[in-house]
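**Student:**
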Amino acid sequence: MRLIDTHVHVNFPALKGEIDSVRERWLQAGVERLVHSCVSPGEFDEILALSTRFPELYCAVGLHPLEAESQWTEELGEQIAQMASSSNRVVAVGETGLDFFKSKARGHQLASLEAHLRIAHDLDLPVIVHCRDAAKEMAEYLRRFQSTSVDRPLRGVMHCWGGTPEETQWFLDLGFYISFSGTVTFKNASTIRESARIVPADRLLVETDCPFLAPVPHRGKRNEPAFVFQVASHLADAREESLDSLAETTFANALDLFGLPDAVEMLAS
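Everything in the sequence shown is counted per our numbering, starting at 8 for the first residue and increasing by one.
(1) Using 8 angstroms as the Cβ pair cut-off and three pairs as the minimum, do the segment 255-263 and the segment 54-66 touch?
(2) Indicate the three-state DSSP secondary structure (helix, strand or coil) for residue 74 in the structure shown.
(3) Taking the beta carbon of residue 56 as the centre, do at least 16 other beta carbons fall within 10 Å, making it buried, or is it exposed?
(4) From what residue to what residue does the beta strand (DSSP E) around residue 155 run?
(5) Mark residue 221 as exposed unless 16 or more other C-beta atoms lie within 10 angstroms of its C-beta, in which case mark it buried.
(6) Residue 186 by DSSP, collapsed to three states: which one?
(7) Would residue 80 be called buried (16 or more neighbouring beta carbons within 10 Å of its own) or exposed?
(8) Can you check whether the CB of residue 100 is closer than 7 angstroms to the CB of residue 231?
(9) Pairs of beta-carbons, one from the segment 186-200 and one from the segment 39-59, closer than 8 angstroms: are there three or more?
(10) For residue 226, which residues does DSSP report across the bridge?
(11) State whether the segment 152-163 contacts the segment 202-219, with contact taken as three or more CB pairs (one from each stretch) at a distance under 8 angstroms.
(12) So which of 238, 228 and 128 has the shortest CA-CA distance to residue 22?
(13) On the DSSP letters alone, give me the boundaries of the alpha helix (DSSP H) that residue 166 sits inside.
(14) According to DSSP, which residues form a beta bridge with residue 139?
(15) Below 7 angstroms between beta carbons: does that hold for residue 183 and residue 165?
(16) Report, in whole angstroms, the separation of the C-beta atoms of residue 68 and residue 104, which I expect to be a contact under 8 angstroms.
See below:
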């Protein structure tokens with residue numbers, strides 16, 4: 008069984024001090040590719056170095072919406088664009104998006120989001136979207152952006168998705184992939200599981216968002232990429248399909264969205 012964890016933060020302190028053993032466990036769990044998201048351009052060099060060290064690890068570059076109020080400038084947007092085109096290890100732009108749960112700084116978040124979408128479109132890279140308590144605004148914004156992108160549609164993924172089936176359909180209609188994290192395993196996540204059931208097979212992805220949101224039976228503990236197996240297992244149960252089928256499908260979907268190679272040369276740590 009082959010799996011791809013499409014959203015990790017293994018450079019965070021909770022994991023990076025044990026990165027070699029963490030990597031050993033993700034390989035043992037069948038995780039053959041990972042996409043490392045970026046919350047601030049200041050961490051990009053560290054993420055890029057990890058992706059060079061571990062050939063199965065690819066990366067993105069961007070600014071998390073909760074960092075936009077304190078960090079966003081047009082100059083930073085130019086820096087992100089330069090970084091996004093600096094290496095073939097970069098396979099996406101993000102994470103970007105809107106988060107109105109913890110911040111109401113809509114102006115900064117929207118300015119940052121607009122720049123990220125433009126960079127992703129111009130470089131023909133997918134965008135990794137964080138969306139919390141902002142599904143309506145995000146869908147409306149993406150519709151407007153897509154309407155101006157007549158040469159080719161913007162590609163992307165709604166990561167760590169927790170929206171309702173109605174909200175899920177908005178982003179499916181926009182051509183986006185939907186990625187589910189450990190939250191799909193939580194006892195009170197019936198709405199997330201309802202959403203998971205309506206996503207077409209060719210638009211489905213899995214992730215851990217580690218070191219956060221560890222799935223059952225690890226809930227409350229530090230999360231890590233090896234646990235994407237539990238995410239995939241619970242997701243398969245929710246969709247009433249086999250784990251092998253879901254793993255194969257989500258693997259192929261991630262290769263397609265992020266342009267990942269089907270095989271990479273694994274190097275000894």
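C-beta atoms are modelled at their ideal positions from N, C-alpha and C, and glycine is treated no differently.
Small disclaimer: the values here were computed from a predicted structure and weren't measured.
**Tutor:** According to the data block:
(1) The segment 255-263, when compared against the segment 54-66, does not touch it at the 8 angstroms Cβ threshold.
(2) Residue numbering aside, residue 74 sits at position 67 when the sequence shown is read from its first letter. In the displayed model, residue 74 falls within a helix according to three-state DSSP.
(3) The residue you call residue 56 lines up with position 49 of the sequence shown. Answer is exposed; the Cβ neighbour count stays below 16.
(4) Residue numbering aside, residue 155 sits at position 148 when the sequence shown is read from its first letter. No beta strand (DSSP E) holds residue 155; the alpha helix (DSSP H) holding it covers 142-155.
(5) Taking the sequence shown and counting its residues from 1, the one referred to as residue 221 is at position 214. Classification for residue 221: buried.
(6) Position 179 of the sequence shown holds residue 186. Looking at residue 186 - three-state DSSP - the assignment turns out to be strand.
(7) The residue labelled residue 80 in the question sits at position 73 within the sequence shown. With fewer than 16 neighbouring CB atoms inside 10 Å of its own CB, residue 80 falls in the exposed class.
(8) By one-based count along the sequence shown, residue 231 stands at place 224. By one-based count along the sequence shown, residue 100 stands at place 93. For residue 231 and residue 100, no; Cβs fall outside 7 angstroms.
(9) Result no; under three Cβ-Cβ pairs closer than 8 angstroms.
(10) Within the sequence shown, residue 226 is the residue found at index 219, counting from 1. Paired residues: none, contrary to the question.
(11) Too few Cβ pairs lie closer than 8 angstroms, so no.
(12) Along the sequence shown, read from residue 1 onward, the residue named residue 22 stands at position 15. Among 238, 228 and 128, the Cα nearest to that of residue 22 is on 228.
(13) As a position in the sequence shown, residue 166 is number 159, starting the count at 1. In the DSSP annotation of this structure, residue 166 is not part of any alpha helix (DSSP H), being labelled neither H nor E.
(14) The residue you call residue 139 lines up with position 132 of the sequence shown. Answer by DSSP bridge pairing, in chain order: 106.
(15) If you number the sequence shown from 1, residue 183 lands on position 176. If you number the sequence shown from 1, residue 165 lands on position 158. Taking 7 angstroms as the Cβ cut-off, residue 183 and residue 165 qualify as a contacting pair.
(16) Taking the sequence shown and counting its residues from 1, the one referred to as residue 68 is at position 61. Taking the sequence shown and counting its residues from 1, the one referred to as residue 104 is at position 97. Not really, about 14 angstroms apart at Cβ, beyond 8 angstroms.
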